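Take a look at the structure set out below.
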Amino acid sequence: MASSCASVPELVADARRLFGQVFEGETPQVAVCAPGRVNLIGEHTDYNQGFVLPMALPLVTVVVGSKISGQDVTVVTATEDVDEPHRVDFSLPSDRSPLCPGTPSWANYVKGVIQHYRVRPLAGFRAVIASSVPLGGGLSSSASLEVAFYTFLQQLKPDDGDKVAKALACQQAEHTHASVPCGIMDQFVSVLGREGHALLIDCRSLEANHIPLADPNLIILITNSNVKHSLTGSEYPTRRKQCEEAARVLGKASLRDATMKDLEGAKDRLDDVTYKRARHVIEEIERTAQAAESLKRGAYKEFGKLMVESHNSLRDLYEVSCSELDELVSAALEVEGVFGSRMTGGGFGGCTVTLVQADSIDRTTRHIKERYNGTLTFYVTTPSEGARVLSTS
Ligand code: ADP
Ligand code: MG
1 MASSCASVPE LVADARRLFG QVFEGETPQV AVCAPGRVNL IGEHTDYNQG
51 FVLPMALPLV TVVVGSKISG QDVTVVTATE DVDEPHRVDF SLPSDRSPLC
101 PGTPSWANYV KGVIQHYRVR PLAGFRAVIA SSVPLGGGLS SSASLEVAFY
151 TFLQQLKPDD GDKVAKALAC QQAEHTHASV PCGIMDQFVS VLGREGHALL
201 IDCRSLEANH IPLADPNLII LITNSNVKHS LTGSEYPTRR KQCEEAARVL
251 GKASLRDATM KDLEGAKDRL DDVTYKRARH VIEEIERTAQ AAESLKRGAY
301 KEFGKLMVES HNSLRDLYEV SCSELDELVS AALEVEGVFG SRMTGGGFGG
351 CTVTLVQADS IDRTTRHIKE RYNGTLTFYV TTPSEGARVL STS
């Protein structure tokens, strides 16, 4: 029932094969990968300086390649559903001049990472990308690509190995070259993820704590609705502005510093929508801190209840859910053995995440499939390792 994704060795083999085809029988010297992620709880809290609790996935982006002499770069992606062409050729600037974004748009993630790589100038190289992270599904294929590419560059010209600086450079790449003003969560967990652990990130101090999540009786089920409602594109920036406005009215640097008491005290100075947005963020930050504590105690029922509260708040207060995600969550919660379920990622489509007892997994996927009117993809996952260097063979 669950989707069978290419394993990491299979992806490396695919990428090696394509590398050999494109570069006339050559073998790549380097292979690396970085994971996508799922956020267990703490949605739309990152840009409000709050907490998030993601984990790294077994779904990864692989980069294989080799250094060459000169300044020329060739990058090829094996992923089909990106804009054409799937191969780009460009020259690295010999001085500090910028590597500007252009077309195809997928290559801008690569160019951004090169631009923000902390040890320049770089020599030329050839690389092939292969990935098992679904694109645009809210599992952060973009951060996994950035972090994998950064890890690849580290093999060509090592930096000081500072992991936080690496995640921040990848976030910058997404800001400047993909024009996505994302928070730090995706790149952080793709760099710092650890097998058998979720990662509690304080988006204000950038402190990250690994929380054990390696119970053999527990599964994290991801259900991809395979829908993406393209709204005007202004939903994310509008939410960010509403949060900033609420913080300003409350006299706080960010909503992280605000309590529900502060918010209730300022209710008559906020319009209804701004109040609802702020309430979601303030309560979600608190919920995420509580969820991390529940996880430490193995209190999965408690954790699941917080997941459901998070979903309801995203649906009713932050208004970023959609009927498909609501249906998937309701269906999951009807099954015995399911602790909790919620939408995950930015919203308006993409995936839900469900915490389920291992022996209930089959009946859970069966029930969700029966109840849902559309094509689904299931990923049965456990917390996995962050970015790493692989064997090329
Ligand atoms: P998400 O990060 O949720 O998957 P985004 O819209 O942030 O969705 O990022 C998806 C974009 O990242 C793709 O449209 C593409 O431009 C780029 N991308 C991700 N993975 C790959 C890949 N394997 N090859 C080429 N481009 C990729
Ligand atoms: Mg992304």
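Take 1 as the starting number for the sequence shown in the UniProt record's numbering and just add one per residue.
All C-beta atoms, glycine included, are put in the ideal place defined by N, C-alpha and C.
Remember, predicted model here, so these are calculated numbers, not experimental data.
{"Item": "Residue burial classification, S225 (beta-carbon count within 10 angstroms, cutoff 16)", "Value": "buried"}
{"Item": "For L92, the three-state DSSP class (helix, strand or coil)", "Value": "coil"}
{"Item": "As assigned by DSSP and simplified to three states, the class of N48", "Value": "helix"}
{"Item": "Cutoff 7 Å; reference R125; Cβ partners in own chain excluding five residues on either side", "Value": "The sequence as given places Phe at residue 125; Arg does not occur at that position. Cβ within range, chain order: G65, S66, K67, I68, V73 and L156."}
{"Item": "Where M260 falls, given that 16 or more other Cβ within 10 Å makes a residue buried", "Value": "exposed"}
{"Item": "Run of the alpha helix (DSSP H) containing D202, from where it starts to where it stops", "Value": "Unbroken run through D202 is the beta strand (DSSP E), H197 to D202; no alpha helix (DSSP H)."}
{"Item": "Distance, Y372 Cα to T223 Cα", "Value": "11 Å"}
{"Item": "DSSP three-state assignment for A258, whether helix, strand or coil", "Value": "coil"}
{"Item": "beta-carbon P134 near the ligand ADP non-hydrogen atom, thresh 8 Å", "Value": "yes"}
{"Item": "Alpha-carbon to alpha-carbon, D359 and L99", "Value": "51 Å"}
{"Item": "Unbroken alpha helix (DSSP H) run spanning H177, endpoints", "Value": "K163 to A178"}
{"Item": "Beta-carbon gap between G50 and T288 smaller than 9 Å", "Value": "yes"}
{"Item": "Three or more C-beta pairs below 8 Å linking the stretch 314-331 and the stretch 346-357", "Value": "yes"}
{"Item": "6 Å CB neighbourhood of V128 in its chain, flanking five on each side removed", "Value": "A15, L18, F19, V64 and V76"}
{"Item": "Residue closest to E370, alpha-carbon to alpha-carbon, out of S205, A130 and L328", "Value": "L328"}
{"Item": "Inter-residue spacing [alpha-carbon to alpha-carbon] between A258 and D46", "Value": "15 Å"}
{"Item": "Backbone secondary structure at T79 - three-state DSSP", "Value": "coil"}
{"Item": "The ligand MG heavy atom lying under 8 Å from the CB of D186", "Value": "yes"}
{"Item": "Which of helix, strand or coil DSSP assigns to I184", "Value": "coil"}
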